[in-house]
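Working notes, beginning with the structure itself.
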Amino acid sequence: MIRDDKQAEALESTSDGELRDLIDGSGDCLYEMDNHGNLTDFSTSLPKVLGYREEEILHKNLGDLMNTRQSRKFHAAFNKVWITHRGFSNLIWETRDKAGNRKAIELSAYLVKNHEGKKLGFRGIARDVTERFKTLHDLKEAQRRYEREFEAKRKARRRTRNLFDFVPYPMVVFSSSGNVTYVNPAFTHVFGWPLEELIGRKIPYFPPGYEREARENVKRFKEDADATIETKRMTQDGRILDVIIRGQLSSENTHDNPGELFILRDVTQERRMERINETLFQISRALPGYP
């Protein structure tokens, strides 16, 4: 971490050095901001991702690195954390690094308070998801290209499904009535059910108590085509997974046009690593020599 005080040099010689190396080597970028959104502390991987030197972003407001639309989205998310005391995850920040290369950064954040409960700022994790974001973007472009290329919807859907077979993330297509019309091999690999067991049926992959949330999520996708939802789903053998879901709902609910297409990404291991990293981070702060 880069500190904005004279303790940084002393910190390097303390016994938490190995912990700091482990955090920095995890690939995640840990950061802290004051209540105005200015960076006060961050792991050494953050400036590398953004292409800046450490001193160029220390005390800099993250909103200054965004365009107007992204900045509004950023400040709205952090204002909500400030008011509700509830953190967030999976906020996608689209930006360019110092060299002009396009970047997609996934942000999570929660509120930092002192022992008296006074709000001090924010702490969170930034993850470079440029390649994954590009894969999803390319997938959408490929789907649109196929639909334009073939006027017959059945043929377009058949060719698109051939493409979907090679998508690395679990994917499921539902009819307008909510029954499965297609799952790709990645879905079977992660969740266990093959297509022949699900075709024409509803998937029994909601953990107890999540059915109502699933219905509310469908409403969210109808209201916001760019919505990303993090929730939990159950595998055929009963394991509970943390998943991020993106959806596309068709405006034409006909026999020839599927009503719902969802891409699910298993983030169980990522969330486990985040919890481990945060634990290590808290331990490193509690060690002697850390302010």
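Numbering (my numbering), first residue to last: 289 to 579.
The C-beta atom is built at its ideal place from N, Cα and C for all residues, glycine as well.
According to DSSP, which residues form a beta bridge with residue i?
i, result
"Met354", "Paired residue(s): none; Met354 is not in a bridge."
"Glu394", "Ile380 and Arg415"
"Glu518", "Ile532"
"Phe410", "Met321 and Leu399"
"Leu346", "DSSP, once it has assigned bridges, lists no residue as partnering Leu346."
"Gly537", "The sequence shown places Leu at residue 537, rather than the Gly named in the question. Leu537 is bridged to Glu548."
Roughly how many angstroms separate the alpha carbons of residue i and residue j, rounded to a whole number?
i, j, result
"Ser464", "Asp514", "20 Å"
"Leu318", "Glu504", "32 Å"
"Phe509", "His347", "37 Å"
"Glu501", "Ser377", "18 Å"
"Ser277", "Arg534", "No answer is possible for residue 277: the residues shown for the chain start at 289 and end at 579."
"Leu486", "Val468", "6 Å"
"Phe475", "Arg360", "35 Å"
"Asn402", "Tyr340", "31 Å"
"Ala397", "Asn355", "20 Å"
"Glu320", "Lys507", "34 Å"
"Val417", "Lys386", "17 Å"
"His543", "Gly466", "Any answer about His543 is weak, because its pLDDT of 46 lies below 50 and its placement is not dependable; what the coordinates show is given next. For His543 and Gly466, the distance between alpha carbons rounds to 12 Å."
"Arg432", "Arg411", "39 Å"
"Val555", "Gly325", "27 Å"
"Phe569", "Pro473", "38 Å"
"Asp525", "Pro496", "15 Å"
"His477", "Phe550", "16 Å"
"Lys490", "Gln557", "27 Å"
"Glu562", "Trp381", "19 Å"
"Gly405", "Gly388", "41 Å"
"Ala392", "Val461", "26 Å"
"Ala574", "Ile371", "28 Å"
"Leu350", "Gln536", "30 Å"
"Leu338", "Arg420", "17 Å"
"Val369", "Ile413", "15 Å"
"Asn565", "Asp530", "17 Å"
"Pro458", "Phe479", "8 Å"
"Thr516", "Glu394", "12 Å"
What are the boundary residues of the beta strand (DSSP E) that includes residue i?
i, result
"Leu327", "Leu327 to Phe330"
"Ile487", "Run containing Ile487: none; DSSP gives neither H nor E here."
"Arg284", "Past the boundaries of the shown model lies residue 284; the chain is included only from 289 to 579, so the question cannot be answered."
Consider the Cβ of residue i: report whether some Cβ of chain D lies at a distance smaller than 8 Å.
i, result
"Lys368", "No chain D is present in this structure, which holds just one protein chain."
Pull up the CB-CB distance for residue i and residue j, whole angstroms please, since I reckon it's below 8 Å.
i, j, result
"Leu424", "Thr383", "No, Leu424 and Thr383 are not in contact; Cβ-Cβ is about 17 Å, not under 8 Å."
"Glu518", "Ile532", "5 Å"
"Leu552", "Arg527", "So it is not a contact: roughly 14 Å between Cβ atoms."
"Gly409", "Asp322", "4 Å"
"Tyr470", "Leu483", "7 Å"
"Val400", "Leu427", "No, Val400 and Leu427 are not in contact; Cβ-Cβ is about 37 Å, not under 8 Å."
"Arg390", "Asp316", "Going by Cβ atoms, the distance from Arg390 to Asp316 rounds to 20 Å, so no, they are not a contact pair."
Name the two residues that bound the continuous alpha helix (DSSP H) containing residue i.
i, result
"Glu499", "Glu499 to Glu511"
"Lys336", "Ser333 to Leu338"
Please give me, in chain order, every unbroken run of the alpha helix (DSSP H) with length at least 4 that falls completely inside the stretch 454-483. If only complete runs of 4 or more residues are kept, the stretch 454-483 shows the alpha helix (DSSP H) at 473-479, in order along the chain.
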